[in-house]
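Q: Positions 2 to 1228 (my numbering) are the ones given, in order, by the sequence shown.
Cβ atoms here follow ideal geometry from the backbone N, Cα and C, with glycine treated the same way.
Since the structure is predicted, the reported quantities are computational estimates derived from the model, not experimental observations.
The structure under discussion is supplied below as C-alpha cells; questions concerning it will follow.
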Amino acid sequence: MSIRANYFVNFGGHTKVAMVGQGGKAQPVNRALENSDDAKYCTDKVSQINFPVEILEQERGIWVWSAFCYEHSRRTNMVAMELEGKNLGEKHRNYNKTVKSNMKNVDHKLDDFNVDEDDISNLIKIDLASETRNLEYILKVLVCDDILYVSRALKKCNWLFTEPGYDHIINANYLNTVLFKQMNTKAVNKFKRCLKSHLKDTSRAESFYECENDPSEAVKWLPNCSTNFIVEKIKMHLEHLSISLLRRLSERTITVLEFYIKEYKGYKYSTKDVLESTMFLINIDLNKYLDIVEELTHSKPVFGKRATAFIMNKASQRIIDKYEFYRHCIHLETFIKCLGSNNIKNFLYSQAEKREDKHPFIFDSHSLNMFIRNMPKDVRLNFITQIFIDKVHKEDNLVSDTEKRAMTYISDCAEHGPNALRFLWSHLPFNTCFDYMKEYLQSETRPRALKKTLSTIITRANENQENLNMLIKYFSQYNKDASPEIRDYFINELTKETKFHRLNEETWNIVEKLAIDTNKDFSKFADVTLIYKIINDHDVPHTIYKDINFSSLKNFKKQLNENERKKIVVFLYNYFSTQLKDTKSITKTEEFEKAVETLDKCLNLLNDWDENLINYPFLIDTIKNLVEIRNKNRWSKDMSSLYNKNRSWKRYLFPISFDLSPSESVLINYMKHDPDMIEKYQQEISDFRFDEKKNLTRFLRIIKIYWSTSIAEDWKKSYLKSFDKLNRQRASALGVCVLLPRMQLQNLLDEYAPTAPKIDYNNFDELKFNMQKSFAKTLHYARPQPPLHTVLLYAQGDYLQYVLPALLSVFHNLSFDEGNKQILKLIDTQVSLQKHVIRLAFLKLNTKDLAALFTKIWQTNQHPTLRTALFKSVYDLLCKENDNTKLKQLWKLLDSFIDGLNYNENSAIYDLLLQVKSVHITVRPDYFCKSYYFMKKLIESDEKYKSLSDKVEYNLILYVKEIIEILPSQIVSEIVLDIIESDFKKVKEHYYNFCLKIEVISAYLLCAKDEITQIQKYNVILQPLIIHCSDIFKKKENFMRNNLDLLLKKLREDMKNFIVDKQMIVPIKMFELIQRDLEDHFDISENYYMITQWKLTVAFTSTLCGNQIDDWDVTCEKVSQVFAGLCRSHLKEHCKKYVPRIYILYSNCLNNIIDDIKIQNISWDIYNTLVDDKDFIEGYLATIKLYPDYIDDCFEERAKKLRQIIFDNSSAEIKMHYNVKFSKNIS
C-alpha cells in the first residue's frame, strides 16, 4: 500500500510489532520473525483485530505480509498517516490508488467516525463509506465540526441526492428539523448548494420550494421544478431573480422571460441585459423570442455577429420588414452580408419609399457607409453619382416620384450622423476625395469638424503610400493657417492610423518638422521617431532614450508586420542588454536598483511584444546574478515584479522563485512540484514563516494534510519553540492553530487563557500577554474551530477586543441546536459580550422566538449600548428580510421598541431612525411615519437636540419626494404645510435645501391618480399660496413671487417623472387653474416671464392629453408639430398685443420651457415652425436668439439647413441679426 506510517500493534501483552508500509507490504521491524511459526502467530493476532493479512514471502529471513490500515485508534495506537509521493500530484495519485486497493480487499464495515484521527485516514474512510453507500457513517461525518470532512462527504455522495432510496433523508422536513439543526452553518450552506445542484426530481424540488419561507431562497429551487410549477410561481419572484437564475428558468420555459419583460417595473437588471443573457433562446424558440423583443420601446438587446447571422438565416424577412425596429439591435455588417450585395440598393430604396415621415431617420451616415461599401463596385459608383453628386432627385422628370422620394430620404439621412457626408469620400477616387477635403478645410473653422475631416482623409490616404505622401505635403502648406490644436491632431492621427514608418525620407522630414513646430516638447514625438529610425536602419541619437516611454511602444504593434516587430524587439533588447552586461561588478545599491529597473523595462518589452523569456537565456542568467548579488550584500530591494511579469515565465525562474518573490503562493508551488526546495531555502523560509504581515494559512493547511509527519511536524516544532520571542508570537499562534490536532490545541489554548478580565499592568508579563492576544486573534483559523466555551475564555473584559473576529466567526458557525443552548447561557452575560450574543440570536432563532426574547430584554434593560445593539439588530434584519410574514413580526417588534424609546438613548438609535431608505419597502412608510413623529418630538424636547433638525430635514423631509406615492397623504400634507409656513413664506434666498423642499411641494401636487384628488390638493395648498404671494408682491416684497416662480419651475421639471415613471395623471386641469389664478392675481406688465412661461407650460401639457405616455421622448416627438404651432401662435399674439420686440422676452421664456420640460429633442421642430412664415420677422429673430451655441452631431445637418433658411430671408433686419450670430459660420 502506498502509505508510509508507523503502527504499534499490541498482541495482548506480547511484543509490539512496528510496521512500515512499502508498496503494499508491511514489514515487522522491531523484531525479526525468523521462522514461519512466529510469523503465523503474528498473522493470527493481526487477523483477530480485523487486519486483513496475507503471508506473502520471505525476504532475507524476515517474513513479509500485507495489511490494510484503517483500524480505530482504540485498537491500534496510531501516529498520523502520511501518503508517499514526492510532490502534491504524486500524493494525490497514491491516495487514489490506496482508496481503490482498499475497496477491493476491505470488508465494507467501518468503525465509528472519529474526527480526531489524522486527515488522510479519515478522508480514506469517507471515500470508502461513500463508495459503499454507508449512510450511517456519512450522516455522522455531516454533523461533525470539521468542514474538510463535510466537504469531502458532500462531494463524494451524489447518490444521496440523486437516488430515490434516500427520500427519508433528503426531504425538507427531516433536513430542517433534524439534520440541519445538528450541522454547523458552513456545512448547511454547502449541503444546500449541493442539494440544489444535484436534485433533479421535480416533485421533490417542488416540496423543498413550498417549505422555504424566504422568497429569495425559495426561488432558487424553481430551476429544478416542473415547467407548469415555474410558470405558476414566477410572478411572486420577479424582484428576487438574478440574471443567472433568470437564464436557467428561461431555459426551462421561455414563458418566464415573457412574463418578466411584460411585468418589468424597473428591477435591478435592465431589459437589455436580461434579453442579451437569454439570447441562447433564439436556438429554441426564435419567433417567441422576437415577439418578446418587439414588445419593447427602449432598452432593446443587441445581437452579435453569430446571433444576427442565425436570425437572418431563420427569419430574414421579418427583420427586413421591421428594419426600423431592429436597426439598432442587429449587427449591421452581418445583416448586410446576409442580405446580399446585389440586394442592397433595392433594400435601401424600399425602406426609404415606406417612410411617410423623415423622423426618425432609419439610416445615418455611418450605416449608409456600410451599405454602400458592400454594394458591387459599378452599382456603388452609380448610386453615389446619382444621389450625392448629380442629385437627380432634385431635377424634374428624370426619375419617378417614388424614386425621387426615396433618393431624397437617403440624401437627408446621409447628412445625419457623426460623419455626415464625409463617409462618401471613402467610396470616391482619392483625388476627388482630396479635392473635397481641401475645399472643406478652407471653409470650415469648427475644430471638431476639422478633426473629423482629417481623420477621414488620413484613413483614405493610408491605402496608398503615394497618396499619404501627397497629403502630408499638402498639410505642411496648409499648416501655416491651422491652429496648434489641429496640427497636433494631424500628427497624432497620422502616427496612430498609418504606416508612417514606411514614408520616404523626404516626407518623413516634413512630418518631423511639423511635429517639432507644433510641440516644443519633443518627448511627445520621441516614440514615433524611435520606431521610424529603427525600422529604416537610421542611427538613433542617444539623447532620444530619455524621452521614450517604453511601455507605450506596444501601441504601434498593429501598424507593423512581423519582420518590423522583430526589428524593434531586437534593437531594444540589444540596447537594454548592453546596459546589463556589467552586473557582476555591481557594488553599490544605486547601481543594483538601476540594473533591476533596466531589467524590468526589458522584461516589459518582451512581454508587450509577445516574446518568450526562454529564448533569452542572458536575461535569466542576469536575474540569477542579481539575486546572488542582493543576497550576498543583504540588500532588501523587492524583485517580485520580475517574477510576476508573466505567468508562463515563472517555470523558468522556479529555482530562484523564493528569492524573487517570497510569498505563500511560491511555497505552495514548491509543494506542487518540488518540496525539496523547502529544504534548500530552510534558513530564508525559517525567517519568512514568522513575518506577521504574511498569512500562510493555505500553505499550512496543505502540509497539515499531506506532510503531517514530516514538513508539518518541523514547522509545528519551530512555532512551538518560538513562543518566547515577542516578534514571532503572532505568526506562531497562527501556525499552531492551523497545524495542531484538536486536543493538543485545546490544551494549549486552555493553558494560555486569561485568568482575569482586567489586565494588571503593575504585574505585567508582556510575553504571556502578547501570546494571549495572538491566540485570541487567530484561534478561529483552526480546523475544526475550538468550541465556544474555549473562545469565551478569551472574550472577557480587556481581552474581548482582540478575540472579537474569532468570536463572531465561531458564533456564526455554531449549529442551530448548539446556538440555542449558548444563547440561553450567555444572554445574561457582561454587556460588552451581550450585544454580540444578540447578533448570534438573529442567526440561530426564528422570528417568533426572537420577538419574545428581545421584548423582554428591551423592557428590562436600560443600558444604552445594549439597547443600541438590540435596536440595530432588529433594524438590520428589517432591511434584509423579504418574507412578508417575518417582516410583519419584525416591524411589530421594532414598532414596540420605538414606542419605548426615551429622550436619552444612544445617538446611534436616533441615526438609525433617520435611515429610512434602507428599510424594506413593505414597511418603509410605517417606519417613516414613526421616525418622523418621534424625531419631531425629540427635537422639541430639549435644546441639545436642535442640531438634529438638519438631519431630519435631509433624511426624512427631503426623502418624501422619493416615496410620496406610498406614504399616507395625511403626513405628507402636514410636512408640506410645515414647509410652506416655516420656509416658503420666509426664505428670501434660494439655497440648495430650500429648492429641494420646494420639490416636495411639487411632488405632493403632482402625485395623484385622479383629477378630483389633485384639485383638492390644489384648493388646499396652492391656490391660497398664489393669493398670498400676490398680496405680498403688491406690498413690493418680491421674494414671495420668486418663491412661487421656483415652485412653478419645479412643477414643470417634475412633470415627466410623475407622468412617465410614477404613472400619475396628466395635470392639465390643475395647470389650467394655476394659469387662471396667475392671470387673475398678477399683473402681466410686472410678471411677464412667470405668466408667459406658465401659459406655454399649459400649451405643452394640453398636447399630451389623449396620448399613451410610456416613452417621454417618443410622445414629445408625436406632439412636437402641435406644440410648435402653439408656440408660434402665442408669439404672434404677443407681438400684436404688446410690442414686436416682445420676441426677446418670449424667446427667453420658450428657452426655459424647453429646458425645464426636457424637450430638447423637439426643439428643432419649434425653430423650424417659427421660420416657416417668411413674413413673420419676429419668428426669425426669436429663432436666431434661441439658436444654441453648442450643437450635437446628430442635429448638425438640421442646424445647417435652419441657418440656410434664415440666411435666405431678404429682410435687412434678419440679415443684421444673422451676421451678428453666425459671422463665423456663414455657409
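Distance check for K1063 and D1112, CA to CA, integer angstroms please.
A: Going from the Cα of D1112 to the Cα of K1063 covers about 12 Å.
Q: Label L768 either buried or exposed according to how many other C-beta atoms from any shown protein chain fall within 10 Å of its C-beta, with 16 as the threshold for buried.
A: Its Cβ having fewer than 16 others within 10 Å, L768 is exposed.
Q: Roughly how many whole angstroms lie between the Cα atoms of E118 and P618?
A: Distance between the alpha carbons of E118 and P618: 50 Å.
Q: Rounding to the nearest angstrom, what Cα-Cα distance links E906 and C880 in this structure?
A: Looking at the two C-alpha atoms, the distance is approximately 22 Å.
Q: Any idea what DSSP makes of G1236, helix, strand or coil?
A: Here the chain has residues from 2 to 1228 only, and residue 1236 is not among them.
Q: Leaving aside the five residues before and after S687 along the sequence, list all residues of the same chain whose C-beta is less than 8 Å from its C-beta, in chain order.
A: Closer than 8 Å at the Cβ level, and outside the excluded window around S687, lie S719.
Q: Please report the straight-line C-alpha distance between L1047 and D1114, rounded to a whole angstrom.
A: Looking at the two C-alpha atoms, the distance is approximately 25 Å.
Q: With a CB to CB cut of under 7 Å and the five nearest residues on each side skipped, what residues in its chain are close to Y138?
A: L111, F114 and A130, listed in sequence order.
Q: In angstroms, rounded to a whole number, what distance separates the CA positions of Y290 and A1100?
A: Roughly 41 Å separates the two Cα atoms.
Q: Over the uninterrupted alpha helix (DSSP H) stretch that includes C434, give me the two end residues.
A: Start and end: F431 to S444.
Q: Just how far apart, CA to CA, sit S662 and M672?
A: Whole-angstrom Cα-Cα distance: 16 Å.
Q: L846 by DSSP, collapsed to three states: which one?
A: Here L846 sits in coil by DSSP.
Q: Assuming N608 is part of the alpha helix (DSSP H), what are its boundary residues?
A: Run containing N608: T590 to D609, per the alpha helix (DSSP H) assignment.
Q: Compare the C-beta of N613 with all C-beta atoms of chain B and state if any pair is closer than 8 Å.
A: Protein chain content of the structure displayed is limited to a single chain, and chain B is not contained in it.
Q: Taking the beta carbon of I1154 as the centre, do at least 16 other beta carbons fall within 10 Å, making it buried, or is it exposed?
A: By the neighbour-count rule (16 or more Cβ atoms within 10 Å), I1154 is buried.
Q: Could you tell me whether the segment 489-505 touches the segment 544-563, where touching means 3 or more Cβ pairs closer than 8 Å?
A: Judged by Cβ distances under 8 Å, the segment 489-505 makes contact with the segment 544-563, as three or more pairs qualify.
Q: Using DSSP with H/G/I as helix, E/B as strand and the rest coil, what is I922?
A: Of the three classes helix, strand and coil, the one that applies to I922 here is coil, per DSSP.
Q: Consult DSSP for K638 and reduce its assignment to one of helix, strand or coil.
A: Reduced to three states, the DSSP call for K638 is coil.
Q: Going by the CB atoms, is the gap between L1151 and V1097 shorter than 8 Å?
A: Sequence inspection shows Leu at residue 1097; the Val mentioned does not correspond to that position. For L1097 and L1151, yes; Cβs fall inside 8 Å.
Q: How about T454 and L442: do their beta carbons lie closer than 8 Å?
A: Going by C-beta atoms, T454 is nearer than 8 Å to L442.
Q: Judging by CA-CA distance, which residue of M744, N994 and V924 is the nearest neighbour of N956?
A: It is N994 whose Cα lies nearest to the Cα of N956.
Q: Compute the beta-carbon to beta-carbon distance between P787 and V116, rounded to the nearest angstrom, for a pair I have assumed lies under 8 Å.
A: The Cβ separation is near 13 Å, so there is no contact.
Q: For I1155, which three-state DSSP category applies?
A: If DSSP states are grouped into helix, strand and coil, I1155 belongs with the helices.
Q: Could you name the residues of the same chain whose beta carbon sits closer than 7 Å to that of Y265, not counting the 5 residues immediately before and after it, in chain order?
A: For Y265, where only same-chain residues beyond five positions count, the Cβ hits under 7 Å are T272.
Q: Please confirm whether I1016 and M1056 have their CB atoms less than 8 Å apart.
A: No, these two residues do not count as a Cβ contact at 8 Å.
Q: Do the segment 621-632 and the segment 585-598 make contact, defined as three or more Cβ pairs closer than 8 Å?
A: Cβ pair count under 8 Å is three or more, so yes.
Q: Tell me whether P1068 sits in a helix, a strand or coil according to DSSP, three-state version.
A: The answer is coil: DSSP assigns P1068 none of H, G, I, E or B.
Q: Please determine, among K962, K937, Y960 and V961, the residue with the shortest C-alpha to C-alpha distance to S950.
A: Residue K937 is the option with its Cα nearest to S950.
Q: Pick helix, strand or coil for D951, following the three-state DSSP scheme.
A: Helix at D951.
Q: If you follow the alpha helix (DSSP H) that T710 is in, where does it begin and where does it stop?
A: Looking at the DSSP string, T710 is not in any alpha helix (DSSP H), and its letter there is neither H nor E.
Q: Assess, as a yes-or-no matter, whether the segment 828-838 is touched by the segment 865-874 under the definition of 3 or more beta carbon pairs within less than 8 Å.
A: Taking 8 Å as the limit for Cβ pairs, the verdict is that the segment 828-838 does touch the segment 865-874.
Q: For K845, which residues of its own chain have a beta-carbon under 8 Å away from its beta-carbon, when the five flanking residues on both sides are left out?
A: Closer than 8 Å at Cβ, skipping near neighbours: L815, F817, G820, N821 and I824.
Q: Helix or strand or just coil, what does DSSP make of Y671?
A: Of the three classes helix, strand and coil, the one that applies to Y671 here is helix, per DSSP.
Q: Taking buried to mean at least 16 other C-beta atoms within 10 Å of its own C-beta, is C145 buried or exposed?
A: The residue in question, C145, is buried, as its Cβ has 16 or more Cβ neighbours within 10 Å.
Q: Flag this pair as yes or no: are the beta carbons of I337 and Y327 separated by less than 8 Å?
A: Not in contact: I337 and Y327 (Cβ atoms no closer than 8 Å).
Q: State the Cα-Cα distance for the pair I1192 and K1201, rounded to the nearest angstrom.
A: The straight-line gap from Cα to Cα measures roughly 10 Å.
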